[in-house]
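The sequence shown begins at 1 in my numbering and counts up one residue at a time. Glycine included, every Cβ here is placed at the ideal spot set by N, Cα and C. Worksheet: the structure to be examined is printed underneath.
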Amino acid sequence: IACDLSYNEGNIAYHRHTGLHELTPWDWQKVMDYFDPDSVSPPLGIDRLYSSRWGVFIHYLDAVQNDPAHPSNMNVGKTDWNSCVNDLDVDLLARQLHECGARFLFFTVMQGSRFMIAPNKTYDTITGMKPGEACCERDLISDLYDALAPYGIDLYLYSTGDGPHSDPVCGPKMGFVTGKVSETFVKNWASVMNEYALQYGDKIKGWWFDGCYRSAFGYTDKLMEIYYKAVKEGNPDAIVAFNNGVAKYYKKNYRQEDFTCGEFNSFTVVPRSRYIRGAQAFLLAPLGQGPNKKEGSDWSYPGARYDGKYMRDFVARCGEKGGVVAVEVGMKRDGSLYPEQLDVLKQIEP
1 IACDLSYNEG NIAYHRHTGL HELTPWDWQK VMDYFDPDSV SPPLGIDRLY SSRWGVFIHY
61 LDAVQNDPAH PSNMNVGKTD WNSCVNDLDV DLLARQLHEC GARFLFFTVM QGSRFMIAPN
121 KTYDTITGMK PGEACCERDL ISDLYDALAP YGIDLYLYST GDGPHSDPVC GPKMGFVTGK
181 VSETFVKNWA SVMNEYALQY GDKIKGWWFD GCYRSAFGYT DKLMEIYYKA VKEGNPDAIV
241 AFNNGVAKYY KKNYRQEDFT CGEFNSFTVV PRSRYIRGAQ AFLLAPLGQG PNKKEGSDWS
301 YPGARYDGKY MRDFVARCGE KGGVVAVEVG MKRDGSLYPE QLDVLKQIEP
């Protein structure tokens, strides 16, 4: 049979010719799944995420819970980072997630600023920060695991591909100085993540790396592989994804990626199949409603743009195709979730 096939990521453009028929985008996805060995025998961590069906994603940041202008601050005002972290009641958070039936939690280690949610000697050594100055004194990662584990809720961590880039001291010392990533920066930042990975081992089921932009930051497979190996050293079964930005379809950013980052601004796109070029289909989108009602500004805010019935049906439709859904919700400074969002989450389970 004559065969001449080419592929442009995202199923936007195709060239296909066989002696039998023209391939549709759906046919092509099945061809990619068939020939990708990862889709035939997925790692244990991928099956674990797949079996979870859905869970929750939370942004926990100095710019959210410690920002007096943000509703999640609870009118506490600006405090030092250690005080903010000490205010978080992980047992309260875990109980709420259990009550709504969430199977996993993705939680931010950091985003953009110098502040981290657990001690890290490597970070302090590279940046010259004193213990507790940037990396909080409390081991929030360990505390989260201890609170979630009795309920069988898995913990995944979020980090970024640009490190503490917005901090005038830590950003340059980490090696992010030109707006483009370098191998020096990536190795420095990977060593920070490696310390966490080795410390927590199989307590961390996976990693979601944001900001691994190929065009804007210059990320390549070679650079992403440094992170991939760094976090896998702590738990070989941990699954890893690298975000290349908000997309209109499910896509794979790195050749060894275990699941898609799947960042969307809405709960509308259902995957065609479980695997996207061998990566588990995974979607992340915000439930809340930002104050300016502009697309992309809803992350970390209260409100609910979708009701419980819609979310139950959407998660079910994704599940029928083999996809997994993460619902991003706002969390207040004390660990409590917004009532209107918690009500929606409680309706997702049939």
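- Comparing alpha-carbon positions, the option among I117, R272, I226 and P291 lying closest to D143 turns out to be I117.
- Around the CB of Y151, fewer than 16 other CB atoms lie within 10 Å, so the residue is classed as exposed.
- Judged by DSSP in its simplified three-state form, W299 adopts coil rather than helix or strand.
- Restricted to the stretch 315–341, the beta strand (DSSP E) segments that are unbroken, complete and at least 3 residues in length are 324–329, listed in chain order.
- Between the stretch 93–102 and the stretch 126–143 there are fewer than three inter-stretch CB-CB distances shorter than 8 Å, so the stretches are not counted as touching.
- As for any alpha helix (DSSP H) of minimum length 4 sitting wholly inside the stretch 187–272, the runs are 221–232, ordered along the chain.
- For P172, the enclosing alpha helix (DSSP H) stretches over residues C170 to M174.
- When the five nearest sequence neighbours on each side are left out, the beta carbons in the same chain lying within less than 7 Å of the beta carbon of G132 are those of N82, in order along the chain.
- Pairwise C-beta distances place the stretch 322–333 in contact with the stretch 295–305, as three or more of them are shorter than 8 Å.
- It is roughly 13 Å from the alpha-carbon of K293 to the alpha-carbon of S266.
- Excluding residues up to 5 positions away in sequence, A197, L198 and G201 lie with their Cβ nearer than 6 Å to the Cβ of G234 in the same chain.
- Residues of the same chain with a CB within less than 7 Å of the CB of G175, apart from the 5 flanking positions on each side, are S182, T184, F185 and N188 in chain order.
- Under the three-state reduction of DSSP output, V344 falls in the helix class.
- Listed as beta-bridge partners of A63 by DSSP are no residues whatsoever.
- According to DSSP, residue pairing for C135 in a beta bridge involves M116.
- In this structure, the alpha-carbon of A304 lies about 12 Å from that of L337.
- When only Cα atoms are considered, K346 and P339 end up about 10 Å apart.
- With respect to the 8 Å criterion, V64 and H70 are classified as neighbours on the basis of their beta carbons.
- Contact between G55 and L92 is ruled out by a C-beta separation of about 18 Å, above the 8 Å threshold.
- Y310 carries a helical assignment under DSSP once its states are collapsed to helix, strand and coil.
- In the same chain as W207, and ignoring 5 residues on each side of it, the C-beta atoms closer than 6 Å to its own belong to L157, V231 and V240, in chain order.
- In the DSSP assignment, L284 falls within the beta strand (DSSP E) that extends over F282 to P286.
- Pairwise C-beta distances place the stretch 307–317 out of contact with the stretch 241–258, as fewer than three of them are shorter than 8 Å.
- Taking the Cα of K251 as reference, the smallest distance to any Cα among A281, I226 and I58 is reached at A281.
- A direct Cα-to-Cα measurement between V85 and L61 gives close to 9 Å.
- Note on geometry: alpha-carbon atoms of F107 and G211 lie some 16 Å from one another.
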